[in-house]
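One structure is given here, and the rest of the page talks about it.
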Amino acid sequence: MLNLTELRKDYNKETIDVNTFNANPMYQFNTWFQQAIDVKIDEPNAMVLSTVNSLGKPSSRVVLLKHTEAEGFIFFTNYLSRKGQDIEKNTSVSLLFFWKELERQVRIEGLVEKKSPELASEYFKSRPYKSQIAAVISPQSQEIPNRAFLDQKMSELENLSEPITCPEHWGGYIIKPEYMEFWQGRANRLHDRIAYIKNSDLSWRITRLAP
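Following this line, the structure appears as structure tokens:
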């Protein structure tokens with residue numbers, strides 16, 4: 003078994019002044035996200051999406067953020083996948099962004115709902131042709147006999163060279179946050195944690211949490 007007690011890193015890049023934070027966490031997120039882009043973090047839009055099924059069993063996976071808007075975070079996926087089935091039964095989800103180079107993470111908790119088929123179709127058309135095919139042929143999260151099963155289906159559709167339309171089982175979700183936390187690594191494990199908590203009137207309360 004592994005003994006990882008000697009794997010240790012101290013954090014010393016940035017500090018946080020809560021007085022400079024935007025009153026709206028979506029705007030604050032956009033600021034941090036732009037900073038992640040500026041330092042050329044690889045795939046800064048990669049986020050861990052955690053869902054819980056009807057039996058209370060959690061699961062997590064990395065998906066890609068494709069849009070932010072005033073209401074929340076948008077990603078696209080197969081509705082028949084495990085995450086899609088979890089969401090069908092339980093709309094409470096969480097997201098986690100980790101930007102190692104900035105020693106930062108952002109954690110989001112909220113409710114998820116489907117976006118319109120029109121938005122899904124619009125985004126689907128912008129995807130590379132082979133990615134469109136992959137979305138059509140893959141029975142995501144289901145058992146398949148072997149890799150050749152997918153390769154054959156890919157070849158069949160590639161050879162047709164016809165436009166691919168967005169399948170009904172594929173589309174977008176928006177996660178509407180009710181809680182957002184901005185974490186900045188600090189020396190001696192005394193990290194900064196700034197939390198936004200949504201009030202009943204839809205305004206946000208900002209508070210500092212102990213690390």
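Sequential numbering of the sequence shown, starting at 3, is according to my numbering.
Here a beta-carbon is modelled for each residue, glycine too, at the ideal position from N, C-alpha and C.
- With fewer than 16 other Cβ atoms from the protein chains shown falling within 10 Å of its own Cβ, L204 counts as exposed.
- Counting of Cβ neighbours within 10 angstroms places R188 among the buried residues, the total reaching 16 or more.
- Linking S128 to F75 through their CA atoms gives a straight-line distance of about 19 Å.
- Counting C-beta pairs with one atom in each stretch, the region 20-30 and the region 177-197 have three or more that are closer than 8 Å, which means they touch.
- For the 8 Å CB-CB criterion, S96 and E115 do not form a contact.
- Per DSSP, reduced to three states, the secondary structure at L113 is strand.
- Residues of the same chain with a CB within less than 6 Å of the CB of F126, apart from the 5 flanking positions on each side, are C168 in chain order.
- Annotation: the region 111-148 contains the following complete segments of the alpha helix (DSSP H) (minimum length 4 residues), in chain order: 119-128, 131-139.
- A direct Cα-to-Cα measurement between K15 and M156 gives close to 46 Å.
- Assigned with DSSP and collapsed to three states, D203 falls in coil, not helix or strand.
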